[in-house]
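Per this note's numbering, the sequence shown starts with residue 26, numbered consecutively. All C-beta atoms in this analysis are idealised placements derived from N, C-alpha and C, irrespective of residue type, glycine included.
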Amino acid sequence: SINFMVMLILAIVVFGLAVTLTYRFMQQAYATQKDLDQQTRAQILDALDTGAKVAVIPDSINIRSGKSDVVGIGIRNIRDDSNDFKINVAFSDAFDKDGNDLQDPPQDWFVYPTTKTIKKFERDIARVAFGIPGGTKAGTYIYDVMVCPETAAYCEADPSNAPTQAYDQQIHKIYVYVS
26 SINFMVMLIL AIVVFGLAVT LTYRFMQQAY ATQKDLDQQT RAQILDALDT GAKVAVIPDS
86 INIRSGKSDV VGIGIRNIRD DSNDFKINVA FSDAFDKDGN DLQDPPQDWF VYPTTKTIKK
146 FERDIARVAF GIPGGTKAGT YIYDVMVCPE TAAYCEADPS NAPTQAYDQQ IHKIYVYVS
């Protein structure tokens with residue numbers, strides 16, 4: 026009976042230590058993720074401060090099937106006529122590791138604000154959240170990103186129309202590597 030009590034106390038102590046270590050590990054992982062988000066935000070703001078009107082950072086992300094990640098779209102407003110911008114993210118292409126086209130392109134893998142209001146001479150960041158469903162085929166998925174003035178008649182990430190409608194006269198790419 027004394028042996029049982031000693032074993033029970035040791036088991037409770039070991040279990041308590043395991044819970045404590047797990048909790049500390051999770052706190053550290055969360056703090057690291059927060060730092061990465063701050064680092065990405067700083068990179069976007071630096072790109073905007075050096076003259077870019079639009080910055081997409083990171084432009085490539087690795088995501089495991091069933092997981093999610095975020096990309097930042099920075100916009101610097103130097104317009105005189107409006108403070109509103111349209112944001113469009115659209116699927117462009119997908120292929121597997123051998124370069125074969127993947128059929129059935131993904132539809133609703135991402136969430137992002139479709140409009141952003143930024144005061145003149147200020148800059149801001151919109152977040153595009155990619156959530157990859159479980160069971161997704163491994164490969165490279167390419168998305169086109171276009172930012173347009175709110176007054177643009179057409180704001181679709183279409184290469185034939187982008188130079189005239191896009192705020193910075195270009196279509197940006199996001200490469201999503203799914204494993």
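Where do the ends of the beta strand (DSSP E) carrying residue i lie?
i, result
"tyrosine 179", "First-last for tyrosine 179: undefined, no H or E at that position."
"serine 93", "93-101"
"isoleucine 196", "Run containing isoleucine 196: none; DSSP gives neither H nor E here."
"phenylalanine 120", "109-120"
Where does residue i sit, in a helix, a strand or coil, going by DSSP?
i, result
"alanine 191", "coil"
"serine 26", "coil"
"threonine 165", "strand"
"threonine 139", "coil"
My understanding is that residue i touches residue j, with C-beta atoms under 8 Å, so please give their C-beta distance in whole angstroms.
i, j, result
"arginine 66", "isoleucine 150", "6 Å"
"valine 201", "tyrosine 168", "7 Å"
"phenylalanine 110", "valine 39", "With 8 Å as the limit, phenylalanine 110 and valine 39 do not qualify as a contact, their Cβ atoms being about 56 Å apart."
"lysine 162", "aspartate 121", "7 Å"
Residue j and residue i - do their beta-carbons sit closer together than 8 Å?
i, j, result
"valine 203", "valine 153", "no"
"leucine 70", "glycine 91", "no"
"isoleucine 157", "tryptophan 134", "yes"
"glycine 97", "isoleucine 86", "no"
"isoleucine 223", "phenylalanine 146", "As shown, the chain starts at 26 and ends at 204. That puts residue 223 outside it, with no answer to give."
Can you confirm whether residue i, when its beta carbon is compared against all beta carbons of chain D, has any partner nearer than 8 Å?
i, result
"aspartate 129", "The structure shown contains no chain D, having only a single protein chain."
Answer with buried or exposed for residue i, where buried requires no fewer than 16 other C-beta atoms within 10 angstroms of its C-beta.
i, result
"serine 26", "exposed"
"glutamine 58", "A caution first: glutamine 58 carries a pLDDT of 48, below 50, which makes its placement in the model too unreliable to give a value."
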